[in-house]
Each structure stands twice: as structure tokens, then as C-alpha cells.
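**Q**
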Amino acid sequence: MTEALVPARQRRRRTSNSKTGCKTCKIRRVKCDESKPTCQRCISTGRKCDGYVSDILPSNAHDQQAAAAIIHRVLVRIPGTTQEKRGFQYFFTNTARELTGYYTSSFWEYLILQASAAEPSLRHAVIAIAALHEEFTNKRLGGISHGHENPESTFAINQYMKAVSHLRRSLSEGKQAPLTALMSCLLFVCFDYLRGRFDFAMMHLQSGLEILRDLGSRSEEDRDIAEQSIAPLFMRLSAQSILYVDTRNSFDKRRFAKQLMHIKTKEPAPIPESFEDLEEARYALDVATNGLFRVFYICDGTKPMNVQPPEAYATYKTYSAQLLAWDSSFSAFMSLKSHALTALQIRGAALLKIHHTTATIMGRCVPDPTDPRSIVTAANDPLIFSQSTNDFQTVVSLSQSLVAAAEQDIQRGNGRLAGGLTFSTDMGVVAPLYYVCIKCTDVPLREQAIELLGRCPRREGMWDSVLGVRMIREFWEMEEVHRQLRQGMVKLVLEDDGRWEWSWRDVHNGGEGGGVGYGVKEMMESQI
1 MTEALVPARQ RRRRTSNSKT GCKTCKIRRV KCDESKPTCQ RCISTGRKCD
51 GYVSDILPSN AHDQQAAAAI IHRVLVRIPG TTQEKRGFQY FFTNTARELT
101 GYYTSSFWEY LILQASAAEP SLRHAVIAIA ALHEEFTNKR LGGISHGHEN
151 PESTFAINQY MKAVSHLRRS LSEGKQAPLT ALMSCLLFVC FDYLRGRFDF
201 AMMHLQSGLE ILRDLGSRSE EDRDIAEQSI APLFMRLSAQ SILYVDTRNS
251 FDKRRFAKQL MHIKTKEPAP IPESFEDLEE ARYALDVATN GLFRVFYICD
301 GTKPMNVQPP EAYATYKTYS AQLLAWDSSF SAFMSLKSHA LTALQIRGAA
351 LLKIHHTTAT IMGRCVPDPT DPRSIVTAAN DPLIFSQSTN DFQTVVSLSQ
401 SLVAAAEQDI QRGNGRLAGG LTFSTDMGVV APLYYVCIKC TDVPLREQAI
451 ELLGRCPRRE GMWDSVLGVR MIREFWEMEE VHRQLRQGMV KLVLEDDGRW
501 EWSWRDVHNG GEGGGVGYGV KEMMESQI
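With the first letter of the sequence shown counted as 1, position 430 gets the number 430 in the UniProt record's numbering; the numbers rise by one all the way through.
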């Protein structure tokens with residue numbers, strides 16, 4: 001797999017902050033003096049030192065028994081029914097690992113554990129997500145999946161409603177800390193994405209974006225935590241929503257685009273000659289792709305590029321250049337560091353390459369200001385996609401490696417390595433493979449992509465592989481109908497009383513038979 005992730009350049013040496021510092025300094029990305037039991041750097045600036053991860057998590061915290069002991073100590077202190085405590089435990093021993101996926105995440109790994117132990121809205125939200133995950137896992141292991149058509153878990157919905165109720169009550173009483181409200185919105189978005197309720201997810205996403213914008217007037221500590229651990233998650237969830245927002249009117253799209261521009265993350269550094277680690281590469285790719293997608297948000301697809309807002313094409317040029325620089329830096333990183341990566345990190349690297357390649361193809365669809373065609377027409381030019389066959393092949397090949405590896409892990413019972421491919425709030429392989437099936441002009445490649453989607457059920461944010469396969473099959477049927485219409489394989493039959501009907505030509509019997517067929521409207525509706 002690493003061979004597909006390319007050749008080398010010399011690495012620029014860089015320094016990094018201590019890996020063993022207190023949690024507050026790590027979140028703030030500053031050098032910790034590592035004094036114990038509390039960091040003097042935090043104390044001297046009036047901050048609360050949240051201690052050291054090593055004081056909460058033993059060195060072998062990834063060992064399941066050690067992790068279970070930690071969760072058990074938390075469970076002793078939190079209120080709730082036996083079923084709620086079981087759901088809370090399931091989240092932190094199973095669900096959080098899959099939501100983290102191939103990467104490390106301060107939010108899923110310890111921030112949400114600390115906060116949800118103290119805040120009812122967060123606690124009930126994580127229990128709700130855990131219930132969805134357990135239901136999905138049981139169906140996957142049983143070889144059954146009906147996508148979002150499954151009857152929803154009554155327990156999961158009840159926990160979700162409790163979480164919303166607690167948040168509303170504390171907000172109305174003025175007792176809710178903005179950071180907790182922000183985390184609640186994030187969990188609500190994840191829950192509604194995973195159960196396929198995108199209208200609700202969009203409402204929570206927009207509420208979260210408003211809270212992020214208003215955090216600028218809050219404490220420096222809140223801003224640091226939001227920028228480092230929470231805003232990147234909102235950025236990834238927002239990038240997913242482009243496909244949903246595109247079904248709305250232009251006013252809604254532009255309003256959402258303005259909200260996205262208020263997402264404040266840590267200041268993006270220039271793309272280095274070589275990334276220091278996988279997390280740096282991931283963050284840089286998130287920034288570049290989100291900036292590129294913003295072009296689609298702020299443009300009116302019915303008009304050519306030369307009449308779009310001035311910032312549209314400038315934004316495209318900026319972030320397409322970042323994508324190009326990212327590829328070079330990532331190639332150097334893989335050449336220098338791939339031998340030291342774990343199996344999980346190798347898969348994370350492959351997924352980054354998949355997402356970069358997909359974003360690169362999408363970037364080619366943005367027309368320049370000299371193109372007189374509307375953006376929608378230019379962006380769907382088949383020539384663009386026929387020239388991207390090699391890139392589509394990269395997406396399919398790397399996805400095949402990831403799917404095959406995940407299947408082996410499931411057979412061996414190694415759920416941690418399979419994490420991020422079966423149940424995740426982040427985009428994985430489903431969206432890129434769906435894109436191959438819809439846009440690629442190479443039919444064998446499309447068939448390979450849909451075969452991979454059908455191999456094992458997975459749910460990744462807004463994307464469900466089972467529903468994706470069904471939508472693709474229906475799209476292909478409509479494509480075939482359109483092809484036949486364009487090739488004159490239907491004929492118009494006029495009646496004496498002024499009525500008419502469209503009929504299929506019988507190409508096997510002289511081209512004129514076949515009897516009365518569907519009208520065009522009915523024919524198209526029959527394919528949906």
C-alpha cells in the first residue's frame with residue numbers, strides 16, 4: 001500500500017512541543033514545564049491545569065483491560081440507570097475507538113470523557129451514539145444491513161431527547177458553558193448524521209457554527225480548546241454537508257458558506273517540505289479541501305465563473321495550490337517515515353491519499369473565468385472525468401486495500417484496526433467510491449468501485465454503503481435510459497384524437513415493433 005503513496009524529497013527539520021506535557025499545554029500547543037502535580041506554566045497564567053494524561057491513563061491504556069478499569073472508575077461516580085451506564089461504558093470502550101478511526105483525537109480520546117462525566121447533555125448524547133453503534137455492529141456481524149431504513153433504537157432516541165432537553169434547560173437558565181454547548185452540538189450532529197436525519201444535523205451544525213463564531217469574546221482557554229480539538233471536527237462535518245446543502249436554494253447555500261468562514265481553527269501553517277506526522281498532514285488536507293469546497297458554496301451554479309463573486313476564483317486558486325503542495329509534502333513524508341508507521345497509521349495514510357485524489361479531481365471541475373459555460377455545465381463535462389481515469393484508479397486500488405484489510409480484521413476479531421471503516425462520523429471510503437461510480441467514465445472501474453461498496457456494510461457520517469449501492473444502481477439505470485433516448489431508441493406514436501405516446505423501438509425486429517411503451521415522464525419515474 002505504501003508504494004502507491006509515492007517518492008521522496010529532503011525533509012526540513014522542525015521542532016515539536018513535548019509529548020509528555022499536561023493536557024492544558026498540549027491543547028494550547030505550548031511548551032509545558034512538566035511540573036507535578038500541576039504545571040507551573042498554567043498556574044502562572046491563571047489557568048487551571050488539567051493534569052497529565054499519564055495520571056489518568058496508564059502507559060498501557062490501549063490495552064482493553066486497562067481501559068475498562070478507567071471507565072469503571074468513572075462509572076462509579078456518574079448517575080443513571082444500569083442500561084445508561086452500560087451505554088456509557090460501550091461508548092468509551094468501543095464507539096470512541098471507531099470514531100477516532102485511523103488517527104489520534106484529543107476530543108474522542110479524553111476531552112469528551114471528562115466533560116460527559118460531569119455534564120448530563122453530553123453524557124446522554126454519547127450514550128445515544130453508543131446505542132446506534134451497537135445496533136449497527138450487531139446487524140453488520142449478522143450480515144444484515146438496511147441502511148437508514150432500520151427501525152431506530154427507542155433507547156437511542158430517548159437518550160438523544162434527554163440530551164437535547166438538558167441542554168435547552170441549562171441554556172434557558174443561563175447555566176450552560178459555551179464550550180459544553182458547542183460539544184453538545186457536535187455530538188448531536190454526529191448522532192443525526194449516523195441515523196440519516198440530515199435536516200436535524202444541519203440545524204445543529206449551524207447552531208454549533210454560531211457558537212464557534214461567538215467564542216471569540218470568551219476566555220482564551222475556551223478559544224484554545226475549541227480551535228485545537230473541536231473546530232477541526234466541525235470543519236470535517238461541514239465539508240460533508242456540501243452534498244446536502246447543494247439540494248437547497250442558492251440563498252441557503254450562501255448563508256451556510258458565510259457561517260463556514262467563521263470557523264476559527266489554529267492558524268494554518270504554510271505547507272512544509274515534509275509533514276512531521278500524520279496528524280499534521282491530515283489537518284493541512286482538511287484546510288485545503290474545505291477551502292476548495294467553499295468555492296462550490298459561494299458560487300451560483302447556473303452562471304459562468306466570470307460573473308461569480310470576486311473571491312470565488314481567488315479562493316479556488318489558493319486552495320488548489322495548497323492541494324498541489326500537500327501532495328509533494330505528503331510524498332516526502334511517506335518516503336521518510338512510512339517504515340516507522342504502525343499498521344493503523346499506514347491505513348490512515350492511504351485514506352488521506354484517497355481523499356486528496358478525490359479532491360484533486362473535483363478541483364479540476366472548477367472552470368476558469370474564460371469559460372462561457374455555467375459552472376454546472378462545465379463541472380459535469382465528461383472530458384474532465386475521462387482524463388482523470390488514472391486518479392480514479394488510485395482511489396479504487398487504495399480503497400480495495402483498506403476494505404480487504406478491514407474484512408480480515410473483522411474475521412480475526414480485531415475491531416480496533418477496522419475502526420473508522422465501519423462506523424465513523426468522518427468520511428472514509430464510501431464517499432470517494434460513490435464519486436467513482438457516478439463520475440468515472442471507465443465502466444470496469446465503476447464496477448470495481450460498487451463491488452467494494454457492497455462487500456461489507458459501513459456507515460461514515462452522511463454516507464451509508466448499503467444505501468449508496470442502491471442509489472448508484474438507480475442512477476445507472478437512469479443513465480441508460482438517457483443514453484437510449486439520445487440514440488433514438490424510442491419512437492413517438494401519434495393518435496388520431498391528438499393524444500400521443502412514446503414507445504421503445506424493437507431493435508431486434510426491424511426497429512418498429514414493441515407495442516405501446518411508457519410515456520417519457522412515467523418511464524423516468526419507473527426508474528426511481
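The beta carbon of each residue, even a glycine, is placed where N, CA and C say it ideally should be.
I'd like to know if the segment 202-213 and the segment 177-190 are in contact, where contact means that at least 3 CB-CB pairs between them fall below 8 Å.
**A** As far as the Cβ criterion goes, the segment 202-213 touches the segment 177-190, which means the pair count is three or higher.
**Q** Is there contact here, the segment 82-93 with the segment 123-132, by at least three beta-carbon pairs under 8 Å?
**A** Short answer: they touch.
**Q** Measuring CA to CA, which of Ala118, Ala379, Arg195 is closest to Val295?
**A** Residue numbering aside, residue 295 sits at position 295 when the sequence shown is read from its first letter. Comparing Cα-Cα distances from Val295 to each of Ala118, Ala379, Arg195, the minimum goes to Ala379.
**Q** Give me the Cβ distance between Ile271 and Ser329, rounded to the nearest whole Å; I'm assuming they're in contact under 8 Å.
**A** Position 271 of the sequence shown, counted from the first residue, corresponds to residue 271. Position 329 of the sequence shown, counted from the first residue, corresponds to residue 329. That belief holds up - the Cβ atoms of Ile271 and Ser329 are roughly 5 Å apart, short of 8 Å.
**Q** Can you tell which of Leu323, Leu344, Phe107 has its C-alpha closest to the C-alpha of Asp409?
**A** By 1-based counting over the sequence shown, the position of residue 409 is 409. Nearest C-alpha to Asp409: Leu344.
**Q** Between which residues of its own chain and Val507 is the CB-CB distance below 6 Å, once the five residues before and five after are set aside?
**A** What you label residue 507 is simply residue 507 of the sequence shown in a count that begins at 1. Caution is warranted here: a pLDDT of 49 is assigned to Val507, below 50, making its placement in the model unreliable, and no coordinate value can be reported.
**Q** Using 10 angstroms around the beta-carbon of Glu460, count the other beta-carbons present and answer buried if the total reaches 16, otherwise exposed.
**A** Here residue 460 refers to the residue found at position 460 of the sequence shown. Looking at its Cβ environment, which holds 16 or more other Cβ atoms inside 10 Å, Glu460 is buried.
**Q** Can you tell me whether DSSP reads Asp277 as helix, strand or coil?
**A** As a first step, residue 277 must be located in the sequence shown, where it is residue number 277. Note: Asp277 maps to coil in three-state DSSP.
**Q** I need the DSSP call for Asp55, collapsed to helix, strand or coil.
**A** Position 55 of the sequence shown, counting from 1, holds the residue named residue 55. Interpretation of Asp55 is limited by its pLDDT of 43, a score under 50 that renders its predicted location unreliable; the figure taken from the coordinates is listed afterwards. Here Asp55 sits in helix by DSSP.
**Q** Indicate the three-state DSSP secondary structure (helix, strand or coil) for Asp327 in the structure shown.
**A** In the sequence shown, the residue the question calls residue 327 occupies position 327. Helix.
**Q** Look at the alpha carbon of Asn306 and the alpha carbon of Pro369, and state the distance between them as a whole number of angstroms.
**A** Residue mapping note: residue 306 aligns to position 306 of the sequence shown, counting from 1. Residue mapping note: residue 369 aligns to position 369 of the sequence shown, counting from 1. Using only the alpha carbons, I get a separation of about 4 Å.
**Q** Keeping to the same chain, check which residues put their C-beta closer than 7 Å to that of Asp286; ignore five residues upstream and five downstream.
**A** Numbered from 1 along the sequence shown, position 286 holds the residue referred to as residue 286. Excluding positions up to five away in sequence, the list reads Pro232, Met235, Arg236.
**Q** Using the DSSP secondary-structure output, state which residues sit across from Trp476 in a beta bridge.
**A** If you number the sequence shown from 1, residue 476 lands on position 476. Trp476 is not bridged to any residue.
**Q** Secondary structure at Arg459, three-state DSSP: helix, strand or coil?
**A** The sequence position of residue 459 within the sequence shown is 459, counting from 1. Looking at Arg459 - three-state DSSP - the assignment turns out to be strand.
**Q** Output the distance between the C-alpha atoms of Thr389 and Pro444, rounded to the nearest integer angstrom.
**A** Counted from its first residue, the sequence shown places residue 389 at position 389. Counted from its first residue, the sequence shown places residue 444 at position 444. So the two alpha carbons sit approximately 11 Å from each other.
**Q** Specify, as a first and last residue, the run of the alpha helix (DSSP H) that Leu186 falls within.
**A** Start at 1 with the first residue of the sequence shown, and residue 186 comes out as number 186. Note, Leu186: alpha helix (DSSP H), 178-194.
**Q** Provide the residue span of the alpha helix (DSSP H) that contains Phe234, from first to last.
**A** Working through the sequence shown from its first residue, we reach residue 234 at position 234. Phe234 -> alpha helix (DSSP H) spans 231-240.
**Q** Within 10 angstroms of the Cβ of Asp426, are there 16 or more other Cβ atoms? Answer buried if so, exposed if not.
**A** Taking the first residue of the sequence shown as 1, we reach residue 426 at position 426. Label assigned to Asp426: buried.
**Q** Pairing CB atoms from the segment 114-122 with CB atoms from the segment 157-167, are three or more of them under 8 Å?
**A** A contact exists between the segment 114-122 and the segment 157-167.
**Q** Among Thr95, Phe92, Cys39, Tyr102, which residue has its Cα nearest to the Cα of Leu341?
**A** Residue numbering aside, residue 341 sits at position 341 when the sequence shown is read from its first letter. Selected option, being the one with the closest Cα: Tyr102.
**Q** Hey, how far is the Cα of Ala115 from the Cα of Glu221?
**A** Here residue 115 refers to the residue found at position 115 when the sequence shown is read from its first residue. Here residue 221 refers to the residue found at position 221 when the sequence shown is read from its first residue. When rounded, the distance between both Cα atoms is 15 Å.
**Q** Starting from the N-terminal side, write out each stretch of the alpha helix (DSSP H) that is 4 residues or longer and does not extend beyond the segment 302-362.
**A** Qualifying alpha helix (DSSP H) stretches, in chain order: 310-337.
**Q** I'd like to know whether the C-beta atoms of Ala117 and Arg77 end up nearer to each other than 8 Å.
**A** Position 117 of the sequence shown holds residue 117. Position 77 of the sequence shown holds residue 77. Yes. Within cutoff.
**Q** Taking Cβ positions, are Lys303 and Ile384 nearer each other than 8 Å?
**A** On the sequence shown, position 303 is the one that residue 303 refers to. On the sequence shown, position 384 is the one that residue 384 refers to. In this structure, Ile384 does not lie closer than 8 Å to Lys303 by Cβ.
**Q** Whole-angstrom Cβ separation of Thr289 and His355, contact assumed at under 8 Å?
**A** Position 289 of the sequence shown holds residue 289. Position 355 of the sequence shown holds residue 355. With 8 Å as the limit, Thr289 and His355 qualify as a contact, their Cβ atoms being about 7 Å apart.
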